[in-house]
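Take a look at the structure set out below.
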Amino acid sequence: MTWLLARETPRLRRFAIAMTGSVEQGDDLVQDTLERALRKQNQWRRESSVRAWLFTILYRIHLNQVKRRRTEQASVSAMERSEVTPPNQDSHVEMLNMAAALRALSPDQRDAVLLVGLEGFAYDEAARVMGVPVGTLKSRLYRGREALWAVRGGGRGARVGKAGP
Amino acid sequence: MTDDSGITELDLLAYADGRLEPARAQKVEAALAADPELRAKVADFAAQNRELAAQFDAYANAPLPERLARVLAPRRERPARRRVRAAVVQAAAVVLIALAAGTGGWTLGRMDRRGGSGAEVLAGAAALHETGRPGRSATADTGGSARPLTWFADRIALELQLPDLRDRGFALVRKDRVELAGTQGLRLRYAAPTGQHLDVFLKSRWRQRASPIATHRRGDVALAHWMDGPLRVVVAGDGDARGTVRRLAAALRARLNAQHGAQGGTAPKLEPHGTPTPGRETATRSPRVRPPADAPGAATATDLVRPATDGRR
Numbered sequence: 004m005t006w007l008l009a010r011e012t013p014r015l016r017r018f019a020i021a022m023t024g025s026v027e028q029g030d031d032l033v034q035d036t037l038e039r040a041l042r043k044q045n046q047w048r049r050e051s052s053v054r055a056w057l058f059t060i061l062y063r064i065h066l067n068q069v070k071r072r073r074t075e076q077a078s079v080s081a082m083e084r085s086e087v088t089p090p091n092q093d094s095h096v097e098m099l100n101m102a103a104a105l106r107a108l109s110p111d112q113r114d115a116v117l118l119v120g121l122e123g124f125a126y127d128e129a130a131r132v133m134g135v136p137v138g139t140l141k142s143r144l145y146r147g148r149e150a151l152w153a154v155r156g157g158g159r160g161a162r163v164g165k166a167g168p
Numbered sequence: 175m176t177d178d179s180g181i182t183e184l185d186l187l188a189y190a191d192g193r194l195e196p197a198r199a200q201k202v203e204a205a206l207a208a209d210p211e212l213r214a215k216v217a218d219f220a221a222q223n224r225e226l227a228a229q230f231d232a233y234a235n236a237p238l239p240e241r242l243a244r245v246l247a248p249r250r251e252r253p254a255r256r257r258v259r260a261a262v263v264q265a266a267a268v269v270l271i272a273l274a275a276g277t278g279g280w281t282l283g284r285m286d287r288r289g290g291s292g293a294e295v296l297a298g299a300a301a302l303h304e305t306g307r308p309g310r311s312a313t314a315d316t317g318g319s320a321r322p323l324t325w326f327a328d329r330i331a332l333e334l335q336l337p338d339l340r341d342r343g344f345a346l347v348r349k350d351r352v353e354l355a356g357t358q359g360l361r362l363r364y365a366a367p368t369g370q371h372l373d374v375f376l377k378s379r380w381r382q383r384a385s386p387i388a389t390h391r392r393g394d395v396a397l398a399h400w401m402d403g404p405l406r407v408v409v410a411g412d413g414d415a416r417g418t419v420r421r422l423a424a425a426l427r428a429r430l431n432a433q434h435g436a437q438g439g440t441a442p443k444l445e446p447h448g449t450p451t452p453g454r455e456t457a458t459r460s461p462r463v464r465p466p467a468d469a470p471g472a473a474t475a476t477d478l479v480r481p482a483t484d485g486r487r
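So the sequences go chain by chain: A and B.
Every position in the first sequence, counted from 1, becomes a number in this note's numbering once 3 is added.
Every position in the second sequence, counted from 1, becomes a number in this note's numbering once 174 is added.
Printed below as a string of structure tokens:
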């Protein structure tokens, strides 16, 4: 089955790098995903696509890693924590491209935008990858796109960052 | 957002993604025509997809880093006998779709556990062919899943090309998703001017083992079945047309093989990009070797905020 995984790996890598904002972290994530998929290949359900199955694995690993990092960060001092805090929306004037603009989004919004806008998943497929109802996915996607629009200079006073479900 | 015209945020979203039904899209366009700011916003939504691709596609097109190639490499580094077998299987996967029917004894052999037994698959295909029951209609889908061919190609992770049988007197008249032995598959229906019709059922599978074309008969339906790479194929034709369909199958399979061979190889590009490192045969985890700072793949988060042309591979 490795050739099936190989077929999907470039897309996994593109998504992982875009999501993490780092080639190194993205490749770590893809490596974890491929290794898990090889171990758990009998868990693939034919009702879903190979691609969706792999993206779901990758996304779950990512969420777990984020959760673990949060736990680790909780033990560092407030000063150290401030150094690793990603730039907030106040810095959007410095942003030059989509990779930077994506940082203005909440993780949920960013991931929805990437799954649909970059990877071309249908709304229902993207919702399954993220493990949320399709309505939630659409809301995150809309808010994310609206935030990207604002960050990139559109619509002063736009409802950037409005909470979705 | 819902304005006086009843246009919602989700309408705008679907419109920007090209996933809104035409009638609704016309209403959205009318609303956009009257609201320049809204028009600019929706135009930006659509542009975001293009810019995301421009920013990140380079990573999908670049050679895989060595450590990822190594994860995918073990099966190719087994002893020669297995390598040959794998090559044969992969070559067989080139035949994405083929047609066949005929007579003779045949059994499906070992089937994937979740795809239904061989008998179930055959019975389902025969029933669908006899009744013409469309199963799940493609038009019932929403979003990006609306195209049955794309939907199925995604499941097998390979490009899928519809076989053209017009020179054999059969034209493709329908393609839709069907329920077959507990899982969903794709049905391609061909019709001849004589009224004869042929159904090709495609299901995804996980195993790579290929099987020769074998034939069977259930009632008045002639069936043929084989497996190629990620595909399980069942062909159903009228019982009195077995000879015709059998000849079509042989011709088509040869044609597809020749087509791929003419493109420079007999197997699809299934190898991961990059050069795998030999010597790892059974490892399930490759070491995470950090590339040097100036090596491909060494970009960091900082690199990603540079212009897209900087540091791309």
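Glycine included, every Cβ here is placed at the ideal spot set by N, Cα and C.
_Interface partners of R241 (chain B) on chain A, CB under 8 Å_ = Within 8 Å Cβ-Cβ: D30 and Q34.
*Check whether the Cβ atoms of A21 (chain A) and Q229 (chain B) lie closer than 9 Å to each other.*
Yes, the pair counts as a contact, with Cβ atoms nearer than the cut-off.
*Which two residues bound the contiguous beta strand (DSSP E) that contains S378 (chain B)?*
H371 to S378
*asked:* Here's a check: name, in chain order, each residue in its chain whose Cβ is nearer than 7 Å to the Cβ of Y189 (chain B), leaving out the five neighbours to either side.
replied: A199, V202 and V216
*Taking C-beta pairs closer than 7 Å, name the residues in chain A that V407 (chain B) reaches, listed in chain order.*
Simply none; closest approach about 15 Å.
_Validate contact between the stretch 133 to 144 of chain A and the stretch 39 to 49 of chain A using beta carbons, cut 8 Å, 3 pairs_ = no
_When B:D191, B:Y364, B:A243 and B:D373 are compared against L37 (chain A), the one with the closest alpha-carbon_ = When only C-alpha atoms are compared, the closest one is B:A243.
*asked:* I'd like to check one pair, D114 (chain A) with Y62 (chain A): are the Cβ atoms closer than 9 Å?
replied: yes
*Would you tell me roughly how many angstroms separate the C-alpha atoms of L194 (chain B) and V135 (chain A), rounded to the nearest one?*
Using only the alpha carbons, I get a separation of about 22 Å.
*Hey, E122 (chain A) and V53 (chain A) are a contact pair by Cβ (cut 8 Å); roughly how many whole angstroms apart?*
The Cβ separation is near 14 Å, so there is no contact.
*Determine whether the Cβ of E195 (chain B) lies closer than 9 Å to any Cβ atom of chain A.*
no
*Indicate whether at least one CB of chain B lies closer than 9 Å to the CB of I20 (chain A).*
yes
*Indicate whether F344 (chain B) and L422 (chain B) have their beta-carbon atoms separated by less than 9 Å.*
Their beta carbons are under 9 Å apart, which means F344 (chain B) touches L422 (chain B) by this criterion.
*On the DSSP bridge assignment, give the partners of K349 (chain B) in chain order.*
B:L362
*Euclidean distance between Cα positions of L66 (chain A) and L7 (chain A)*: 24 Å
*Run down chain A in chain order and give the residues with a C-beta less than 9 Å from the C-beta of D191 (chain B).*
V119, G120, Y126 and L144
*Kindly indicate which three-state DSSP category G192 (chain B) falls into: helix, strand or coil?*
In the structure shown, G192 (chain B) sits in coil (DSSP, three-state: anything other than H, G, I, E or B).
*Considering only the beta carbon of each residue, do L336 (chain B) and R348 (chain B) sit closer than 9 Å?*
no
*Whole-angstrom distance between G180 (chain B) and A221 (chain B), CA atom to CA atom*: It is roughly 24 Å from the alpha-carbon of A221 (chain B) to the alpha-carbon of G180 (chain B).
*asked:* Let's test the definition: count the other Cβ atoms within 10 Å of the Cβ of V245 (chain B) and tell me whether it reaches 16, buried, or not, exposed.
replied: buried
_Contacts of K141 (chain A) in chain B (Cβ-Cβ under 8 Å)_ = L184 and L187
*asked:* By alpha-carbon positions, which one of B:Q370, B:A214, B:D394 and B:K377 ends up nearest to A300 (chain B)?
replied: Distances from the CA of A300 (chain B) to each of B:Q370, B:A214, B:D394 and B:K377 were compared; the closest alpha carbon is that of B:D394.
*Quick one: does A208 (chain B) have its CB under 9 Å from some CB of chain A?*
Contact with chain A is absent for A208 (chain B), since none of that chain's Cβ atoms lies less than 9 Å from the residue's Cβ.
*Separation of T389 (chain B) from L117 (chain A), as counted between CA atoms*: Approximately 46 Å, taken between the alpha carbons.
*In its own chain, which residues sit with a C-beta less than 6 Å from the C-beta of Q358 (chain B), not counting the 5 before and 5 after it?*
Closer than 6 Å at the Cβ level, and outside the excluded window around Q358 (chain B), lie R351.
*asked:* Quick check: what's the CA-CA separation for R416 (chain B) versus H371 (chain B)?
replied: 12 Å
*V245 (chain B) CB to nearest chain A CB: under 9 Å?*
Under the Cβ distance rule, V245 (chain B) counts among the residues neighbouring chain A, one pair being separated by less than 9 Å.
_When you compare the CB of F230 (chain B) with every CB in chain A, is at least one pair closer than 9 Å?_
yes
*asked:* With DSSP as the reference, identify every bridge partner of T389 (chain B), one or two as the case may be.
replied: B:A398
_So, with DSSP's three-state summary, where would you put L354 (chain B)?_
strand
*DSSP state of A482 (chain B), grouped into three classes?*
Reliability fails at A482 (chain B), whose pLDDT of 39 lies under 50, so the model's placement of it is uncertain and no value is given.
*Would you check if the distance between the CB atom of Y364 (chain B) and the CB atom of V26 (chain A) is smaller than 9 Å?*
no
*If you count every other CB in all the chains shown that lies within 10 Å of the CB of R16 (chain A), and 16 or more means buried, which is it?*
buried
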